[in-house]
Amino acid sequence: MVRRYYLYKQESTEEAVQSLEGDFSSAPPEWILHSKCEDEVNGSGRSIALADGSNYVFTGVIYLDSTAGIIPEGQRVLVSTEKLCSSQINDESQLKTLRQEGKIRLSGIVKGFEKSKLNIRLWV
Numbered sequence: 276m277v278r279r280y281y282l283y284k285q286e287s288t289e290e291a292v293q294s295l296e297g298d299f300s301s302a303p304p305e306w307i308l309h310s311k312c313e314d315e316v317n318g319s320g321r322s323i324a325l326a327d328g329s330n331y332v333f334t335g336v337i338y339l340d341s342t343a344g345i346i347p348e349g350q351r352v353l354v355s356t357e358k359l360c361s362s363q364i365n366d367e368s369q370l371k372t373l374r375q376e377g378k379i380r381l382s383g384i385v386k387g388f389e390k391s392k393l394n395i396r397l398w399v
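Under the working numbering, the residue at position 64 of the sequence shown is numbered 339, and the numbers go up by one with no gaps.
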């Protein structure tokens, strides 16, 4: 299957650093390209069962190749129509502009995943 879109995940890329006063600080998380993907918006209000037994009406499903690697629950992700450079995607004002231009198709927190032979599905 051809994957037309780009999946980014938000991660902390640096470890926390201790200042002279003893406080720990870390760099803000950055968006990192994970893989190519497809997505499908949940227009019918379907839900999934979460690990705690509650039901969650998801925003959409993201499909990845089975070799792409699983993104765990709780990870922030976004799907874009084009490959973005780090200066675009890690700047909140530019990210807002990308959303307004329709270049960000879907974003949110992974609520569940399932790996099968052909693909990985992420529910956001």
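Note that CB positions come from ideal geometry on N, CA and C, so glycine has one too.
Option nearest residue i by Cα separation, candidates the options
i: S355; options: G349, I364, P347, E348; result: I364
i: A324; options: L393, N394, E389; result: E389
i: E305; options: G297, E313, S287; result: S287
i: Y280; options: Y331, P303, C312, R396; result: C312
i: N317; options: Y331, E376, S294; result: Y331
i: K386; options: S329, H309, L370; result: S329
Where the beta strand (DSSP E) through residue i begins and ends
i: I337; result: 335-340
i: K311; result: 305-316
i: G387; result: 387-390
i: I323; result: 322-324
Through-space distance from residue j to residue i, alpha-carbon basis
i: E367; j: R321; result: 30 angstroms
i: D340; j: W398; result: 15 angstroms
Simplified DSSP state of residue i, which is helix, strand or coil
i: R374; result: helix
i: S287; result: coil
i: Q350; result: coil
i: S329; result: coil
i: S368; result: helix
i: V282; result: Position check: residue 282 holds Leu in this sequence, whereas Val was assumed. If DSSP states are grouped into helix, strand and coil, L282 belongs with the strands.
i: S301; result: coil
i: I345; result: coil
Terminal residues of the alpha helix (DSSP H) in which residue i lies
i: S362; result: 361-364
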